[in-house]
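Protein chains in written order, with numbering that gives the first Met the number 0: chain P, 0 to 846; chain U, 0 to 384.
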Amino acid sequence: MMRVLWLSTLRWPLRRPWQALLAIVGVAMGVAVVIAIDIANESARRAFLLSTATVTGRATDQLTGGPNGIPEAVFRRIRVDVGLRESAPVVEGYATSVTTPTHTLQILGIDPFSEAPFRSELTPSGGLRDGLAQLLTQPDAVLMSRATATMLGATLGQPFAVTIAGARQPMVLVGLLETGDAATQRALDDLLITDIGVAQHWLGKVGQLDRIDLIIPADARGAAVRTQLATVLPPGVRLTTPTQRAQSTTEMTASFEINLNALSLLALVVGMFLIYNTMTFAVVQRRPLLGTLRCLGVSQGEIARLMLVEGSVIAVLGTALGIALGIGLAQLLLGLVARTINDIYFVVTVNTITLTFWPLFKGVVLGLLASLVALAIPTWEAARTPPRTVLRRSSYEEQTRRLVPILGWLGLVLMLFGGVVMWQIPFILASYVGLLALTLGAAMVTPIATVAVMAAIRPLAVRLFGLIAGMAVRDVVTSLSRTAVAVAALMIAVAVTIAVGLMVASFRLTVVDWLTTTIRADVFVSAPAITANRLDTPLPAGVYEKVAALPGIDRVRRYRSTMLPTDTTPVLQIALDVTEADHAAFLWAEGDPAQIWPAFNRDAIIISEPLALRHRLHVGDTFMMRTDRGDVAMPIVGVFYDYGTELGVVMQPIERYQQFFDDPHLSSLGVYLPTDADSEAMVTTIRDQFPTTALMVRSNRTLRESSVAILDRTFAITNVLQLLATIVAFVGIFAALTAMQLERVREFGMLRAIGLDPRQLWQLVLSETGLMGLVAGLVALPVGTAMAWALIFVINRISFGWTLQFAFEPHIYLNALITAIVAALLAGIVPAWRIARIAPALALREE
Amino acid sequence: MKSWWIWLSCVWLCVACGAQTAAPLQTQLTLAESLNRTDMTGFLRADKPRQFSFPADHGPHEGYAVEWWYYTGNLRDDAGREFGYQFTIFRSALRAPTPTASAATQSAWRGATAYMAHLAVTAVADQQFFAYERFNRDALGLAGAQAAPFKVWLDDWQVVSTTPDASQLQLRASQGVVALDLQLDNSMTPVLQGNAGLSQKSAGVGNASYYYSVPRMPTTGTLTIAGQAYQVTGTSWMDREWSTSALAADQVGWDWFAVHLDDGSDVMLYHLRRRDGSIDPYSGGSWRDADGKITPLTSADIVLQPVGQWTSPHTGAIYPASWQITIARMGLDVTVTPLVADQELLVTVRYWEGAVAVKGQRDTQPIQGQGYLEMTGYADGGTRP
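Next up, the structure:
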């Protein structure tokens, strides 16, 4: 008996391979999106930590300095005066491949004489022996892994070039770093090792060190060394641990990662709907068969087992496919994630994904669990129902219709709950729980909304389009058990589209407004940097003087931006010239402009809104600034709106900065021209002044455009995720509609037999699916708006500390509505085509 | 004589550093090839006798490729415990001092000179031997040498003059369990070795070094081993040498002796061994008697006979266990015996250098002495120039 039972189950998917396939694809898509994001994030984080670990080696402690690093003389004091032999100076920087400018390389300048206790993987056997000697003796000599050499097209002993700070830097490959160990080899990828003196020269850091790595034993001798160090270190140089440093850097991207994860979870929610939908469908469709089986004496348990086994096969196949897809997708997303991190946070050299256990495990668990949960309800329902009732489809529809209002009320309550949570609990996790509640609530409201919309448009539809339209409207309602989930899934996907669209639009609007207010100079001069959004490469010496001396210029504003370490995440320090003309460039969230500027020029600083929120700072508080003269408590006199970085900005006059920091460098210049001057002409004039220097000279317009371009770039990954969610939803609605329409072959055969022609059938099917799309789209409008509100005013504010304006963009709504309807119509084409092709007699013979 | 072999035949720089660290060999690198020292373009050569001038010549001679400051000494404390020490700082040019410096020399790190130093301490009573090695570059004051006031240093290892004329020196170095803090009396007139300080090492003009010694430096100070400080006195020997090229291709190693005899004579002897086992005729030495009279010795004057064998448990190298020295011209016939058998330096290039006792006869009278013996070219990798 049992064998026959299994065979009957086997027969089902074989007769409907499309349906089984769609179910598998549904599971796979949901899993893929979630793990792809996870893997991409994890790969970027690991790449950063791995490269940090590689370049840190066995150091227990590190000396770090201010924005200009550590004066190199400090190293002599440690070696000669303190006699701490296990100390290694490091100069670091970044380069990019000449042929692939998006490929980032890390330059590590080391002192070969100091290296051995620290980074043995950088000094392995083989060709390196000669290599290290040549680092000392040959100009522009580098070592790298074979993979990196291949990527750069560099061969041993031959010159090649990379791009450093926008300029071509020739170098010679003198040795290959080779280890047998794959993990170590991986750590060496994209690493260019050179002598510290060469690195200083290339990176414009002559006279300075980025850090000094130390090995200080944890015993009494170590304690004595620490005490002694304290006496010889200049005030700006600090003893820290590599872990602290890496941690505070990776924490910079915390908000970014949370937001990506949230978006990927949203995709999973849509995916779960899809799985649920598919599974429900598999059961609903088989109710007659199941009923027959029950009548034949198959027990409830056997039925349940049957369904679970079948579902499990789909879940396993889907999850496996999803993981494969996810890994592929991760590779695509990694580029976007890495670019965003590079654009706004720090330089990470990551070009391949790293597969680790947790993202994959998470994917497997989510895929299997979601499938089984989705399967459980319909299975339970099918097994429980008495055989006679099961045979009647109407019984199920009746049940469903009874459930609809209850579900609607529950949904409403859930939405309210979500709103309250978001409104009242200012924590990012709570916000996401609220958002999830809002989303699920909205999904639960969708069936009743469908009923309501159909009731509302039915008379109109009949009057305008006749009987067929009326039939279509009624069919949507009568087949709710099969359509509700698909419609809800589509609704959520469309709502996400609206929400993300509105959020991006709001962000753009706010930032563009802000840029217009803030970016006032006519021409900007800066050095090329890898971190597009920050100016961390100093201008070559003399540029300011030369530009300031040019005729036809009103004034030149100096600007120095550096990353300032704090006890937690670093903040952006901006030192600048502020004259009265510049006051209008600031919009104040807190503080009285009349008092701000005198105090600012005296001894106070101003901070950005995200910093104020993140560190709970207000006007009147002080900010502890780590300067080269030691820690200085700076009074805060104003909080300004800023959308440059969520890490926060502290701003001070450049004269004061130069008093507190041994940093004569400038990051950029703002050149102000007389009112009617041609700024593009001035761009050319300035460029011509520095024919051999890699300088970025941009007009106000160009800078603003490129700033917006960077902003758009950071949203690229958001858009990809949004698109993925839509695709998942589309697959869902496609699967649901195909299955639903095919199931009704007999009904359509009857309709053909009583006189409907194929064209009218087309009309009927497409009207039905189109109506479902319409409902999904209509419900998505308010839901999407609510989600946008949550994203803009709750989540963005909590994670980034930004006050955004709400951009109401009608075209986003229109696009969403069209997307919903078009997606649904597209999904209806295949079933309509198949149904119209079937001869009525054949269709009727089905039974 | 000293470490030609280390710096010229086979100039090794150990990037791993530290005789203590476990994996030095695989991280060694040969500078010889990259420097291509066969190309001596741009360097000065020791090709003719020169006028020595002190204290200026205590300082570095940067036109020459290599140079060293070599201190060895036999010490004892009040309780009669015997010790030996070796402290050497080597200078080696990374490139010729050409006027066309590369662009990267903008950075202070890109100096043209590297330094290496060896520190070894022998505790005779405990039959212990400790040796350490360091490297650094002549940049930012990390390592270097200067004539006035005299100072030669690498990290915190240093020899400095405590008087303007450099007649008194302080030697300080510590690593691992050993520490030296010694005062050396440098007031003796230096002995110019070879032909008035020009010491020919192999055939060909310029294959020589400038070489002077201060054979007797009364020494006092503190020697610390494993936290135990000993107040010590004794006699040190300083060797100074600089050159650009010296050894010939078939010279595979040498044995060098610096001996203080208790009749007040100081003897320096070396012989260069050739690949075929013969002794190179450029071997030689000098005899300084108690009155300060100096007698140069040639290879014909000296018979150096190895006696027995000592096999290194570390490298498997086989060294002579002791030596019989006969200098008929001076009536000397003595045995030189290591105070500790194992005084092999396990540094980048392994060699044996240690404190020795001297015992025998001079003109039928019994005579004793002490000193230092260096034996190179016995360990693996060092047998070929």
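Even for Gly, the Cβ is constructed at its ideal location relative to N, Cα and C.
{"Asked": "How long is the line joining the alpha carbons of P/Val363 and P/Thr318, rounded to whole angstroms?", "Found": "6 Å"}
{"Asked": "Just the Cα atoms here: how many angstroms apart are U/Gly62 and P/Gly647?", "Found": "56 Å"}
{"Asked": "Check whether the Cβ atoms of U/Ala55 and U/Tyr84 sit closer than 8 Å, and answer yes or no.", "Found": "no"}
{"Asked": "Could you tell me whether the Cβ of U/Leu170 comes closer than 8 Å to any Cβ of chain P?", "Found": "no"}
{"Asked": "Between the beta-carbon of P/Gln299 and the beta-carbon of P/Ala375, is there less than 8 Å?", "Found": "no"}
{"Asked": "Can you give me the Cβ contacts of P/Gly92 inside the same chain, cut-off strictly under 6 Å, excluding the 5 residues immediately before and after it?", "Found": "Ile106 and Leu202"}
{"Asked": "Applying a beta-carbon distance threshold of less than 9 Å, which residues of chain U neighbour P/Ala72?", "Found": "Leu139 and Gly140"}
{"Asked": "Are U/Glu352 and U/Leu345 touching if we call contact CB-CB under 8 Å?", "Found": "no"}
{"Asked": "Whose C-alpha, out of U/Arg109, U/His313 and U/Gly330, is nearest the C-alpha of U/Phe128?", "Found": "U/His313"}
{"Asked": "Quick check: the Cα distance between P/Val315 and P/Leu307, rounded to an integer number of angstroms?", "Found": "12 Å"}
{"Asked": "Are P/Gly65 and P/Asp661 touching if we call contact CB-CB under 8 Å?", "Found": "yes"}
{"Asked": "With H, G and I counted as helix, E and B as strand and the rest as coil, what does DSSP make of U/Pro305?", "Found": "strand"}
{"Asked": "Roughly how many angstroms lie between the CA atoms of P/Thr874 and U/Lys358, to the nearest whole one?", "Found": "The question about residue 874 of chain P has no answer here: the residues shown for chain P are numbered 0 through 846."}
{"Asked": "Using C-beta distances below 8 Å, list every residue in its chain close to U/Asn206, excluding the 5 sequence neighbours before and after it, in chain order.", "Found": "Gln199, Lys200, Ser244, Ala245, Leu246 and Ala247"}
{"Asked": "Could you tell me which uninterrupted beta strand (DSSP E) segments, each at least 3 residues in length, are contained entirely in the stretch 449-536 of chain P, listed from first to last along the chain?", "Found": "522-525"}
{"Asked": "For chain U, find out if any of its Cβ atoms is closer than 8 Å to the Cβ of P/Asp194; answer yes or no.", "Found": "yes"}
{"Asked": "What span of residues does the alpha helix (DSSP H) with P/Asn699 cover, start to end?", "Found": "Asn699 to Thr713"}
{"Asked": "Take every Cβ of the stretch 421-437 of chain P, pair it with every Cβ of the stretch 741-752 of chain P, and state whether three or more of those distances are shorter than 8 Å.", "Found": "no"}
{"Asked": "Inspect the beta-carbon positions of U/Gly140 and P/Arg75 and report whether they are closer than 8 Å.", "Found": "yes"}
{"Asked": "Let's test the definition: count the other Cβ atoms within 10 Å of the Cβ of P/Val420 and tell me whether it reaches 16, buried, or not, exposed.", "Found": "buried"}
{"Asked": "Leaving out five residues on either side along the sequence, give the residues of the same chain with a beta carbon under 7 Å from the beta carbon of P/Thr568.", "Found": "Ser247, Glu250, Met251 and Leu646"}
{"Asked": "Residues in its own chain within less than 7 Å of P/Val820 by CB, not counting five upstream and five downstream?", "Found": "First, the residue type needs correcting, since residue 820 of chain P is Ile and not Val in the sequence shown. The residues are Gly769, Gly772, Leu773 and Gly776."}
{"Asked": "List the residues of chain U whose Cβ lies closer than 7 Å to the Cβ of P/Gly82, in chain order.", "Found": "Asp154 and Asp155"}
{"Asked": "So, is the C-beta of P/Gly126 closer than 8 Å to a C-beta in chain U?", "Found": "In this prediction, P/Gly126 has a pLDDT of 39, which is less than 50 and means its spatial position is unreliable; what the coordinates show is noted afterwards. No, its Cβ sits nowhere closer than 8 Å to a Cβ of chain U."}
{"Asked": "Contact defined as beta carbons within less than 8 Å: I believe P/Thr193 pairs with P/Leu134. What is the distance between those atoms, to the nearest angstrom?", "Found": "6 Å"}
{"Asked": "Please report the distance separating the alpha-carbon of U/Trp322 from that of U/Gln308.", "Found": "10 Å"}
{"Asked": "Between U/Arg90 and P/Gly165, what straight-line distance do the alpha-carbon atoms span, to the nearest angstrom?", "Found": "39 Å"}
{"Asked": "For chain P, check one thing: does any of its Cβ atoms lie closer than 8 Å to the Cβ of U/Phe134?", "Found": "yes"}
{"Asked": "State the DSSP-derived secondary structure class of P/Glu85, mapped to helix, strand or coil.", "Found": "coil"}
{"Asked": "Using a Cβ-Cβ cutoff of 9 Å, what residues of the stretch 608-629 of chain P are near chain U? List them in chain order.", "Found": "none"}
{"Asked": "Would you mind giving the Cβ-Cβ distance between P/Gly440 and P/Met414, rounded to the nearest angstrom? I have them listed as a contact below 8 Å.", "Found": "3 Å"}
{"Asked": "In whole angstroms, what is the alpha-carbon distance linking P/Leu190 and P/Val346?", "Found": "13 Å"}
{"Asked": "Which residues does DSSP pair with U/Gln174 in a beta bridge?", "Found": "U/Val177"}
{"Asked": "Would P/Gln330 pass as a contact of P/Arg210 if the rule is Cβ separation under 8 Å?", "Found": "no"}
{"Asked": "Quick one: which chain P residues come within Cβ less than 9 Å of U/Ala107?", "Found": "Glu71, Gly196, Gln199, Val205 and Gly206"}
{"Asked": "Considering only their Cβ atoms, is the gap separating P/Asp521 from P/Ser698 smaller than 8 Å?", "Found": "yes"}
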